[in-house]
Amino acid sequence: MLPSAIVGAVAGGGEISATGALRVFIGVAAVVALSLVATARPFYRVQRIPAVGAFISGGWAAIAVGLILGRHVLNVVDRDVLLDVRPLIMIALGWIGVIVGMQGRWEILRRVPPALWRWTALDALLSAILSATIAAFVMGEWLHPDHRSLDWVLPPVLMLACCMIGWAPETRSIRVAHTPKAGRLALLLQSGAGLSAMAAIVLFGITYRLTGRDELGRMDFTIAENASKALIALVVAALLGLGGRFMLQRADRSRPDALTVFIGVVAISAGVAATLRFSPLFGSMLVGVVVANLTGPRVRDFERFIMGAEHAVALLFYLLAGVLLEPAIGLWGAILVAAFVLIRIAVKPFAMQRSLAAHAAELPARSVLYAASIRQSPIAIAIAVGLILSEASTLHRRLLTVVVLVGLISELLPYLVSLRQRRSLAAAAAELPAMERP
Amino acid sequence: MSESDSSNRLLVMIARDEATFEELVTGMLDVGLEGATIVDSKGIGAILRRDMPIFAGLAALLPQHTGSRIVFSLTKLQRIGALRRFIQEMPPSRRPIIIVLPIESAFGPDDH
Amino acid sequence: MGKRRYLLLAWIVLLLAMTLLRHIELAPADHRQPPPTPDITLVDGLARPVTPPPSGLIESAAGLGFLLIGAWLTGRIFRRLGLPMITGYLVFGVLVGPQLHQALAPCAWFAWLVPAALVPAESLQYLTLVNNLAISIIAFTAGGEIRLESLRTGAKHIVSITLAGVLLIFLGVAAVLYLARPLVPLLAHREPAVAIVICMVLATIAIANSPATALAVIKEADAHGPTARIGLAVTVCKDLALVIVFTVLMAVALRLVPGDEAAVEAAGPSRLIGRLAWQLLASIVIGALAGGLFRLAIGRVAEHMAIFVIGAGFGLALLSKALDPPLEPLLVALSAGFVLANLWPRQSARMFHATEELSMPVYCVFFAVAGATIRIDALIQLWPLALFIVAVRALLLWVSTFAGAAITRLPPPARTWMWTTFIAQAGVSIALVTQVTGSFRNHPWGAQLASLLLAVIAIHQLIGPPLMRLGLIRAGEVPRDENPP
Chain A
749 MLPSAIVGAV AGGGEISATG ALRVFIGVAA VVALSLVATA RPFYRVQRIP AVGAFISGGW
809 AAIAVGLILG RHVLNVVDRD VLLDVRPLIM IALGWIGVIV GMQGRWEILR RVPPALWRWT
869 ALDALLSAIL SATIAAFVMG EWLHPDHRSL DWVLPPVLML ACCMIGWAPE TRSIRVAHTP
929 KAGRLALLLQ SGAGLSAMAA IVLFGITYRL TGRDELGRMD FTIAENASKA LIALVVAALL
989 GLGGRFMLQR ADRSRPDALT VFIGVVAISA GVAATLRFSP LFGSMLVGVV VANLTGPRVR
1049 DFERFIMGAE HAVALLFYLL AGVLLEPAIG LWGAILVAAF VLIRIAVKPF AMQRSLAAHA
1109 AELPARSVLY AASIRQSPIA IAIAVGLILS EASTLHRRLL TVVVLVGLIS ELLPYLVSLR
1169 QRRSLAAAAA ELPAMERP
Chain B
978 MSESDSSNRL LVMIARDEAT FEELVTGMLD VGLEGATIVD SKGIGAILRR DMPIFAGLAA
1038 LLPQHTGSRI VFSLTKLQRI GALRRFIQEM PPSRRPIIIV LPIESAFGPD DH
Chain C
2 MGKRRYLLLA WIVLLLAMTL LRHIELAPAD HRQPPPTPDI TLVDGLARPV TPPPSGLIES
62 AAGLGFLLIG AWLTGRIFRR LGLPMITGYL VFGVLVGPQL HQALAPCAWF AWLVPAALVP
122 AESLQYLTLV NNLAISIIAF TAGGEIRLES LRTGAKHIVS ITLAGVLLIF LGVAAVLYLA
182 RPLVPLLAHR EPAVAIVICM VLATIAIANS PATALAVIKE ADAHGPTARI GLAVTVCKDL
242 ALVIVFTVLM AVALRLVPGD EAAVEAAGPS RLIGRLAWQL LASIVIGALA GGLFRLAIGR
302 VAEHMAIFVI GAGFGLALLS KALDPPLEPL LVALSAGFVL ANLWPRQSAR MFHATEELSM
362 PVYCVFFAVA GATIRIDALI QLWPLALFIV AVRALLLWVS TFAGAAITRL PPPARTWMWT
422 TFIAQAGVSI ALVTQVTGSF RNHPWGAQLA SLLLAVIAIH QLIGPPLMRL GLIRAGEVPR
482 DENPP
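Protein chains in written order, with this note's numbering: chain A, 749 to 1186; chain B, 978 to 1089; chain C, 2 to 486.
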């Protein structure tokens, strides 16, 4: 055989077959094409149509594409081959963690109104407790009879609870009124979503470490061991953040230097966290918080660079979710989906209105935005995909499907409510004499 | 500046990031353009992203500075030519957008 | 504290951090229960089997990050010392890779301090995906550097130097080694046919050079002139010629000295020539078509050129492997870059600019991985003979380049210094060695020959870049501010 087929000079494995290469090529081409289309200006224009925006904002189009490319439809992208590029996906997960962590700048946090802290805390508490209770009951029936003890039930329950925390930040697709009060409410929704994303990742990071299994399948639940590892993680994150800042200052203003350092910092954050058996999402979020609170113009350049890729990275994860999910969730999975959707409908608007009650005068009395918090946070997808990276099991894939379905249904409901309100407003406007129409 | 000086132009330059702005300022000083007004700006890309946040909604609480700036300057045509030649030496990704507008009249504090 | 000291301090801290991480990774965990038997099957909560991630996969993300930052820091330090940055990337790879660790492991205090390679072999293998991207990006950029106009004016020099190089190096190295065979342990007491084959293999590998290294050094030094331009074109042409020479060599060698049966069958002349023709022609044509497709896409992806370049790089590499028989990824990407730069120079400038911006992180990983896989053990074992071959090759490179350039009247200093462009060897050479090892695995000298070749390549990898940079400086093609005292 001629040397051409041997690309790269590394001894050992890692080479994939011709068929695998073709499949990954098609997958890569689809990912690239979709991310280019979805981040192109004409597509932004299309997204401004409320119906399209509602469908797109949760990433459901990309999830659908992933599902079509995956083994359940066209079988073009083999999920096992995809998992061989886990290091790169882990770096993408780290990217999301850094994006969320960069919000933790003191300058931003001190502007968070007390109502928003209350809202986030109440939402996290109620969502986590209720969903964990339901999930524990369902897992007790769903899991294999030999695996219904606490150490089997706890990990998926805690993961699902973390996915239920928070809500989607996008409001444009369901917002009907453009009044100052509605604008204030939309701002609170958007910023609260960011804060609750941080809360979800912190909780997930802790539970991931406490309930993770090592390479021999043992769960390490000793508090002392985990406390020491948590301390190491904090110290490592702080050092990485400081080191990252140092490196950013040393990089030339040239893009190549800056790009190398930016990608390196993200990769190390995610990789070190994964090596220490922490969630890459959590580890890199900590690094993002540290870096965000350091001063310097290059840090702001780093922030803009990281944030600039937000949509492309999100799209990648939605596509991955579509490829990796396992639709056969059965009766118990469907019950879980229904229960979670009901919890979201019952809890989210309640937590929102309760927390914001003191500011009722500044906010609209009635608005479809009060239903916006029903929509699931995009972080839930990242959490569920991240879990598959560490353990690519059928259970985790089905849990991902549950998360995706909860997200899809919870996305539709507020949109339908806003559609109804839009129609009634349009009907009311049509009845006005021509001169009085807005 | 007087009404009848027809070689004057309004120069509007959009520097999309810090690096571009830094080089532009250097170029302006090199060609003798010392008077300018600089305004922080935001591109439509940043607005579109703000409308569709995904993970980082909390940042909406803080006014976002994208690094983009607009520079306004009243200057003579010859300096604009020199500035263009300077800009042509810059890498394509660092070049600002330049708009040159004729001026009918302009009045400074001493001209009233 | 000076900038250099800051960089050095950061570099030391990074190495300490990597060492500490390895200690933590390898520390025995507290056991609450005795470890299960090795053949236990992991299952999930649904009692479905779970395949844990292969060893090294999870750690390769951190490995990638450390290689990026560490290589970048080392490159910066080397630049301050007046050496090429890519030598720094290579050296960092050597320092943290498994080969050096294996060589130093017998030393007790070292083994205690560094219990395992900072970037282990199991992690490195998962970085081949990045290597695929690197090869595409480097070749694409190289293709973009080769302009039709300069090819027309320089064609005679390129052809002359390439032919002179291939002929003189092959014949010279083979002849010197054959004549010196009583003094060479690998060749002494061998049958003439075996000795001839070994000499031919060594001579063929001696032709190989590294377009990737040449381009990296030229770009880093911002070199412009005939030495850089023609030198780069010749490295590419030599690698193409190498494919032909290697094909013929294997056909002849496997007839003289029977090797692996499958390899012998595959090396049948008509099959080989057919595959070779397909490889070369199809690679060029498909690369050209890809260049055309990129032109169509460029206007639409302007804002996200980086994503497009990464996707295009992966796409070219994977598509080349997906076809049967596979294409030459280097040639596909080179052809795409050449077509794009020459047919649509203005429109493609943005894509090449984005590729250049991405090149630094790609080079850091590519050359660091190359450094991590340099066979230190082979070097330690065979360095005298390897050095001898390196010296012979260097002399022949100088003679052949000078002769080839003199025939076509290429003036000095290009004529005098261009030979330094051809010293470095890298990925393609190592791929050929793997091929040779596979074909002659039934012979006791097969492994020794591979070790010797790897030792020679290791030396060339390390000395090539600084010598090339020196040659470009002496040829007067490096701007003053890129040329520190």
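Positions of the beta carbon are idealized from the N, C-alpha and C atoms, including for glycine. Computed from a predicted model, the values in this text were never measured in an experiment.
Runs of the alpha helix (DSSP H) lying entirely within the region 99 to 127 of chain C, each at least 4 residues long, are 99 to 105, 109 to 114, 122 to 125 in chain order. Shown here, Asn985/B sits in a strand according to DSSP, grouped into three states.
Under the three-state reduction of DSSP, Val391/C is assigned to helix.
Between the region 821 to 829 of chain A and the region 988 to 999 of chain A there are fewer than three inter-stretch CB-CB distances shorter than 8 angstroms, so the stretches are not counted as touching. Remark: C-beta atoms of Arg1092/A and Ser1158/A approach each other more closely than 8 angstroms. Straight-line spacing of the CA atoms in Ala229/C and Ala135/C works out to 21 angstroms.
Relative to the Cα of Thr919/A, the nearest Cα in the group Val833/A, Asp828/A, Asn974/A, Ala930/A belongs to Ala930/A.
The shortest C-alpha to C-alpha distance from Asp994/B to any of Ser1050/B, Ile1074/B, Leu1010/B is the one to Ile1074/B.
For Ile844/A, at least one C-beta of chain B is nearer than 8 angstroms to its own C-beta. Any Cβ of chain C closer than 8 angstroms to the Cβ of Pro1068/B would place that residue at the interface, and such an atom is present. For Arg182/C, there is no enclosing alpha helix (DSSP H), as DSSP marks it with neither H nor E. Nearest CB-CB separation between Ile1031/B and chain A: below the 8 angstroms threshold. Residue state for Val479/C is assigned as coil, using DSSP reduced to three classes. With a cutoff of 8 angstroms on beta-carbon distance, Gly226/C and Ala215/C are scored as not near each other. The beta carbon of Gly1020/B does not come within 8 angstroms of any beta carbon belonging to chain A, so the residue lies off that interface. Short of 7 angstroms from the beta carbon of Val1151/A, and not among the five residues preceding or following it, lie these beta carbons of its own chain, in chain order: Cys911, Ala1128, Ile1129, Ala1132. The beta-bridge partner set that DSSP reports for Asp223/C is empty. Shown here, Thr927/A sits in coil according to DSSP, grouped into three states, outside any helix or strand. Under DSSP, Ser1103/A forms no beta bridge with any residue. Cβ contact annotation for Ala1021/A (same chain, cutoff 6 angstroms, sequence separation greater than five): Pro1028, Gly1031, in chain order. For Pro362/C, a Cβ of chain A is located within less than 8 angstroms of the residue's own Cβ. The beta carbon of Gly960/A sits closer than 6 angstroms to the beta carbons of Arg1025 from its chain, once the five residues preceding and following it are set aside; these are given in chain order.
DSSP, reduced to helix, strand and coil, places Asp1017/B within a strand of the structure shown.
For Ser939/A, the secondary structure class from DSSP, reduced to helix, strand or coil, is helix.
Not flagged as an interface residue toward chain C: Met850/A, since no C-beta distance is shorter than 8 angstroms.
Apart from sequence neighbours up to five positions away, the residues of its chain that approach Ala217/C with a beta-carbon distance below 6 angstroms are Ile87, Tyr364, ordered along the chain.
Annotated as distal: Thr356/C and Val400/C, with beta-carbon spacing of 8 angstroms or more. Boundaries of the beta strand (DSSP E) harbouring Val1077/B: 1074 to 1079, taken from the DSSP string.
Within the region 391 to 425 of chain C, complete alpha helix (DSSP H) segments of at least 4 residues are found at 415 to 418, given in chain order. At the C-beta level, Ile208/C and Val253/C stay beyond 8 angstroms of one another.
Annotation: the continuous alpha helix (DSSP H) that includes Arg77/C extends over 60 to 81. Cβ proximity to chain C below 8 angstroms picks out Pro1028 from the region 1025 to 1046 of chain A. Between the region 830 to 842 of chain A and the region 1006 to 1026 of chain B there are fewer than three C-beta pairs closer than 8 angstroms, too few to call the two in contact. Ser1125/A and Ser879/A have their alpha carbons spaced roughly 15 angstroms apart. Exclusion of the five residues before and after Leu58/C leaves Tyr127 as the residues of its chain whose Cβ lies within less than 7 angstroms of its Cβ.
As summarised for the region 1045 to 1098 of chain A, there are no continuous beta strand (DSSP E) elements at least 3 residues long confined to that stretch.
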